[in-house]
């Protein structure tokens, strides 16, 4: 066993030196002198703490001229390696770019480096700020560096090091491609420093970096500098998740396992309602059990953590509204975590940071309620908050003046904000489609915030007890370190024109084949190839087992399959025919018709409010949507207003009755819905739905089915006594052939996938005259300056002159459709749009998108693969228009029905794209560039302009 002792360096060295010979002492002195001459030695003197082994190893590799990938837990000090790259660059007279995934991190890192090197040596480049861009050290978001590389910026001259903080963001399905673009396109002379959270395939990622960037050292540290302890809070008791024991294998606390078993055996409320008698002893046991098994309330949890000395704490709640509600619950409970002195410090800092916000806006933003929470040491933190408010919460938390933060999971991916404890209310979250269990990777990321290095001896992760919780499942989440890095890289239109412009088509194709996405795809092919070989061996055995002495059973089995396929096809045709009849019936509906919805979640009596448009286009939440048939907007008898889809009408429907819809009816008003639904039930509640009449099956009269049945009966194998046994083997044989063919197609599909997608994009751009071989046309050069999901749509709008003649506010409304995406699909009501030229321009944008969508389908470019133009969303157009016309924040937020933080974020994205348009728009014969600049000035006001640095 090796024991590491912490002793004084001088004492240890003198003791060791005394035991050495003169020659050995001379060699040791030479080594010490060499170490003192290194950049690492002078760098270490800048810190008042010693570096960890993984930090030293990474810094030594950097000084030796190698690139590094450092994968280590949150809070372990990875950024020390990035800061050493800055130190090396300045020492060597080179530049260093420090990139981060989000602006808040950039702002924070900029402030840190300014404190160390001075404002004159450090610059900042984000979408909002440009400070000292020609400095030797520039902090920037990753997208800014990508844009520099494509533009061939002069700022890149003299660049020696690039630090990519949070490089695991390349897994992000929306923005991840940017990281790979930067890694691939950086000049070979630049040394890359990649800093990542702990990932389970760091070696694979390192192998790829080695391939594309040259010699790269992979340093993985699993060690948490502050040990993490896991707990479950049930009732009044805090249980340890794991029992104390020796060895790496941790066992679940038996007390917790026993509690879960008792909870599972307890009769449910429904059981008792069924009249099951309970003996007095059972009741007493349940009373005792219930007294310690409830899920504590939020104020109760904070009070308990405070009593245990476990604050400050971050409680992760997977809902913005619930975060705000949690703060209110703590305030109503009279919770106070700050003394008078701390309250005064909080108020002074808050007033200083918000001094530029007008008093009338403070009221709209809920400032006074927010301030009351802060003064008590309690706050929420989520993307719906004003950026200034979020930054204040972060600063107060780091200073220890806010001790309880209720946050959404976005905080786990954000800035450096560690706590002593992390609380998880639930182990499930809404992923945009359904409630799903959080993954081990997500659990590790969330709980990684617990434990502040240099402050806490240990960190604590607390999970609140929930009924039906499995301690074994929780132990699996806590004990698994599976967080693989998966590439999300996909070529885009902008990427294609920029690559062709710089490298030509052939070299661009080769570059894309070096992406991490293709690297991972090629590696996965090896395992699939082995499976194909095993399948081919199995086919020989199946073929032998289905052999029949009376004839060719494979031929017989083929006839049976053809019969089954024909019957399935006719059944499908019958369904399609009924749906077509249903669509025709839906087109005949009128507002005021009472119908019976035959199936689906909203089956039953309903009143038609809007019949929807015929097959093709309808005006939905995102503007003009493509549909297979009419989508009637109805009010159900249960008071719900919903826009139904064709799938809800498998059979035709007819109006049972008609009703008058009051002009005053407001579908957003619960009272309006209640009154009209009551009238609906009174008017038609007694009318039974019509039963669909069954039609004669098409199979009964089909000649092909009759021919196949005759051929089957006439086949020699039909009379075999073992026919069904042979048939089972034949079915297995056919299934294995089908599976093998699919595997072979997967192998073919995964080989050169990125390059093939690039070829299809290039073909479409050639069709639209953006490219001519290796030449980028004027239209292509315009597209090269437009970044974003709807880059091609924006370029086509400029090309078609859609935005000519618009005012600044109207242009802002149109541009909002290029960036906005509704958080939750709500197609019940069409969005409100500005009238006049803006409305006409938005309609034209949707028509151009429809043409591009059809063209993408023709060139097999699909959004399901992450490529192509999504539908423009018109849901923010009215809000952007109102704000740009100068209306007050109160009125705009009330009309937009969105939190201030979301409003500001979308406005800033509108400003970003307006800036791109002003740079890309033609100068001669066009006023769009000038209008875009005016629109930026109009949108960049009030709360939108309140952005801080550091």
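Numbering (the numbering used here), first residue to last: 650 to 1599.
Glycine included, C-beta positions come from ideal geometry on N, C-alpha and C.
With which residues is residue i paired in a DSSP beta bridge?
{"i": "residue 1109", "result": "878 and 1070"}
{"i": "residue 716", "result": "865"}
{"i": "residue 1500", "result": "Residue 1500 is not bridged to any residue."}
{"i": "residue 746", "result": "787 and 811"}
{"i": "residue 1379", "result": "Residue 1379 pairs with nothing; no bridge assigned."}
{"i": "residue 1306", "result": "1243"}
{"i": "residue 1056", "result": "965 and 1030"}
{"i": "residue 1259", "result": "1282"}
{"i": "residue 845", "result": "720"}
Is residue i helix, strand or coil when you go by DSSP?
{"i": "residue 1339", "result": "coil"}
{"i": "residue 1682", "result": "Because the chain spans 650 through 1599 in this model, residue 1682 falls outside it and cannot be assessed."}
{"i": "residue 797", "result": "helix"}
{"i": "residue 1552", "result": "helix"}
{"i": "residue 1374", "result": "helix"}
{"i": "residue 1016", "result": "helix"}
{"i": "residue 1451", "result": "coil"}
{"i": "residue 1195", "result": "coil"}
{"i": "residue 1505", "result": "helix"}
{"i": "residue 693", "result": "helix"}
{"i": "residue 1104", "result": "coil"}
{"i": "residue 1264", "result": "Since pLDDT at residue 1264 reaches only 45, below the 50 mark, its modelled position is unreliable, and the value read off the structure follows with that caveat. If DSSP states are grouped into helix, strand and coil, residue 1264 belongs with coil."}
{"i": "residue 1560", "result": "helix"}
{"i": "residue 839", "result": "coil"}
{"i": "residue 1141", "result": "coil"}
{"i": "residue 780", "result": "strand"}
{"i": "residue 889", "result": "strand"}
{"i": "residue 1228", "result": "helix"}
{"i": "residue 831", "result": "helix"}
{"i": "residue 1470", "result": "coil"}
{"i": "residue 1099", "result": "strand"}
{"i": "residue 927", "result": "Unreliable placement is indicated for residue 927, whose pLDDT of 48 sits below 50; the coordinate value is still reported in the next sentence. Of the three classes helix, strand and coil, the one that applies to residue 927 here is coil, per DSSP."}
{"i": "residue 1393", "result": "helix"}
{"i": "residue 1495", "result": "helix"}
{"i": "residue 992", "result": "helix"}
{"i": "residue 1588", "result": "helix"}
{"i": "residue 1086", "result": "strand"}
{"i": "residue 1253", "result": "strand"}
{"i": "residue 1439", "result": "coil"}
{"i": "residue 1519", "result": "coil"}
{"i": "residue 1154", "result": "helix"}
{"i": "residue 1482", "result": "coil"}
Since residue i contacts residue j with CB under 8 Å, what's their CB separation in whole angstroms?
{"i": "residue 1100", "j": "residue 875", "result": "3 Å"}
{"i": "residue 1404", "j": "residue 1158", "result": "5 Å"}
{"i": "residue 844", "j": "residue 814", "result": "5 Å"}
{"i": "residue 723", "j": "residue 750", "result": "No, residue 723 and residue 750 are not in contact; Cβ-Cβ is about 14 Å, not under 8 Å."}
{"i": "residue 1071", "j": "residue 1096", "result": "5 Å"}
With 16 as the cutoff for other CB atoms within 10 Å, does residue i come out buried or exposed?
{"i": "residue 1483", "result": "buried"}
{"i": "residue 1025", "result": "buried"}
{"i": "residue 823", "result": "exposed"}
{"i": "residue 1315", "result": "exposed"}
{"i": "residue 698", "result": "exposed"}
{"i": "residue 649", "result": "Because the chain in this structure spans residues 650 to 1599, residue 649 falls outside the shown range and cannot be described."}
{"i": "residue 1592", "result": "buried"}
{"i": "residue 1378", "result": "buried"}
{"i": "residue 1034", "result": "buried"}
{"i": "residue 742", "result": "exposed"}
{"i": "residue 867", "result": "buried"}
{"i": "residue 1680", "result": "Limits of the chain in this structure are 650 at one end and 1599 at the other, which puts residue 1680 out of reach."}
{"i": "residue 1374", "result": "exposed"}
{"i": "residue 1364", "result": "buried"}
Using a Cβ-based criterion (distance less than 7 Å to any ligand heavy atom), does residue i qualify as near the ligand HEM?
{"i": "residue 1187", "result": "Within the structure as shown, the ligand HEM is missing, as the structure has no ligands at all."}
Do the stretch 1134-1144 and the stretch 820-831 make contact, defined as three or more Cβ pairs closer than 8 Å?
-> Judged by Cβ distances under 8 Å, the stretch 1134-1144 makes contact with the stretch 820-831, as three or more pairs qualify.
Taking one C-beta from the stretch 1103-1110 and one from the stretch 997-1006 each time, how about it: are there three or more such pairs within less than 8 Å?
-> no
Can you find at least 3 beta carbon pairs, one from the stretch 1282-1300 and one from the stretch 1316-1331, that sit closer than 8 Å?
-> yes
Between the stretch 1566-1581 and the stretch 1527-1536, do at least 3 Cβ pairs fall closer than 8 Å?
-> no
Given 8 Å as the limit, is there contact between the stretch 1241-1254 and the stretch 1297-1307, that is, 3 or more CB pairs closer than that?
-> yes
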